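Q:
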Amino acid sequence: MHRLAALPGVDDGQGGALLVEQEPAPVLLLTTSDTDLATMATVLERSPHPCPMRGLNVAALSHPAVVDHYLRTTVAAARVVLLRLLGGRSVWSYGLERLQEWQGAGGCLVVLDGVAPDGELESLSSTAPELTRALGDALRWGGPDNLAGVAAALQDLAAGVEPRLPRPTPRADP
9 MHRLAALPGV DDGQGGALLV EQEPAPVLLL TTSDTDLATM ATVLERSPHP
59 CPMRGLNVAA LSHPAVVDHY LRTTVAAARV VLLRLLGGRS VWSYGLERLQ
109 EWQGAGGCLV VLDGVAPDGE LESLSSTAPE LTRALGDALR WGGPDNLAGV
159 AAALQDLAAG VEPRLPRPTP RADP
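With our numbering applied, the sequence shown corresponds to residues 9 to 182, in that order.
1. When you compare each of Leu94, Gln163, Tyr78 and Gly127 to Leu107 by their alpha carbons, which one comes out closest?
2. Closest by CA to Thr135, which one among Asn154, Glu170 and Pro152?
3. Secondary structure at Ala25, three-state DSSP: helix, strand or coil?
4. Leaving out five residues before and five after Gln111 in sequence, what residues of the same chain have Cβ atoms less than 7 Å from its Cβ?
5. Suppose you measure from the CA of Ser70 to the CA of Trp100; what does that come to, to the nearest Å?
6. Please look up how many angstroms separate the CB atoms of Arg62 and Leu36, rounded, as I've assumed it's under 8 Å.
7. Look up Ala167 in the DSSP assignment and say whether it is helix, strand or coil.
8. When the Cα of Ala73 is compared with those of Glu109, Leu26 and Pro174, which residue comes out closest?
9. Whole angstroms are fine: how far does the CA of Ala166 sit from the CA of Val88?
10. Where does the unbroken alpha helix (DSSP H) through Leu129 begin, and where does it stop?
11. Just the Cα atoms here: how many angstroms apart are Ala33 and Arg97?
12. Between which two residues does the beta strand (DSSP E) carrying Gly63 extend?
13. Ignoring anything shorter than 3 residues, give me the beta strand (DSSP E) runs that lie fully in the region 59–113, in order along the chain.
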């Protein structure tokens with residue numbers, strides 16, 4: 009029996025987790041930050057040639073069975089996954105372990121901390137350290153211009169071409 013999640017990560021009322029069904033895409037943005045998702049959605053809506061991307065808050069993938077299903081159905085079809093964990097590895101350790109297995113089979117994985125550069129997390133990435141750091145800075149500083157650079161780099165990675173290095177710009181405090 010297959011159950012579709014009306015709201016990702018919502019309990020089914022019978023003590024079980026609902027499976028997350030998301031249409032596959034070459035690029036996935038998995039994050040603990042709803043702001044990342046909202047800003048990236050705005051960037052993609054405004055782009056004349058948007059990166060084919062899906063995004064999801066990893067809070068929707070809190071049960072190992074849900075993680076496994078998502079990896080089999082959505083991640084398996086992706087070429088690039090960017091994972092941003094505000095709070096570090098322990099926030100989503102099982103999911104990270106499973107993504108590393110996917111990476112070992114040829115997937116391109118970018119792993120970032122949300123608050124500050126984290127060499128341990130960044131070292132788990134498939135990408136060059138300079139690109140990984142630039143992607144992390146762009147996401148931490150936020151804003152449409154910085155996330156447009158992230159989208160362009162991820163699109164290049166998915167296409168198998170040398171990625172354009174984002175040039176993150178700190179945003180002024182309001």
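Virtual Cβ for every residue (Gly too), placed ideally from N, Cα, C.
It should be emphasised that the depicted structure is a prediction, and the values quoted were computed from it without experimental measurement.
A: The answer reads as follows:
1. Walking along the sequence shown from the start, residue 107 turns up at place 99. Answer by Cα proximity: Tyr78.
2. Reading the sequence shown from its first residue, position 127 is the one you call residue 135. Measuring from the Cα of Thr135, the nearest candidate turns out to be Glu170.
3. Numbered from 1 along the sequence shown, position 17 holds the residue referred to as residue 25. In the three-state DSSP reduction, Ala25 falls in the strand class (E or B).
4. Reading the sequence shown from its first residue, position 103 is the one you call residue 111. Counting only Cβ-Cβ distances below 7 Å, and skipping sequence neighbours, we find Leu117 and Ser134.
5. On the sequence shown, position 62 is the one that residue 70 refers to. On the sequence shown, position 92 is the one that residue 100 refers to. Straight-line Cα distance between these residues: approximately 8 Å.
6. On the sequence shown, position 54 is the one that residue 62 refers to. On the sequence shown, position 28 is the one that residue 36 refers to. With a Cβ gap of about 5 Å, Arg62 and Leu36 count as contacting.
7. Counting from 1 along the sequence shown, the entry for residue 167 is found at position 159. Helix.
8. The residue you call residue 73 lines up with position 65 of the sequence shown. That would be Leu26, whose Cα lies nearest to the Cα of Ala73.
9. Position 80 of the sequence shown, counted from the start, is the residue given in the question as residue 88. Position 158 of the sequence shown, counted from the start, is the residue given in the question as residue 166. Approximately 6 Å, taken between the alpha carbons.
10. Translated into the one-based positions of the sequence shown, residue 129 becomes position 121. Start and end: Gly127 to Glu130.
11. Here residue 33 corresponds to residue number 25 of the sequence shown, with the count starting at 1. Here residue 97 corresponds to residue number 89 of the sequence shown, with the count starting at 1. Their Cα atoms are separated by approximately 25 Å.
12. Translated into the one-based positions of the sequence shown, residue 63 becomes position 55. Looking at the DSSP string, the run of the beta strand (DSSP E) that includes Gly63 is Met61 to Asn65.
13. The qualifying runs are 61–65 and 88–93.
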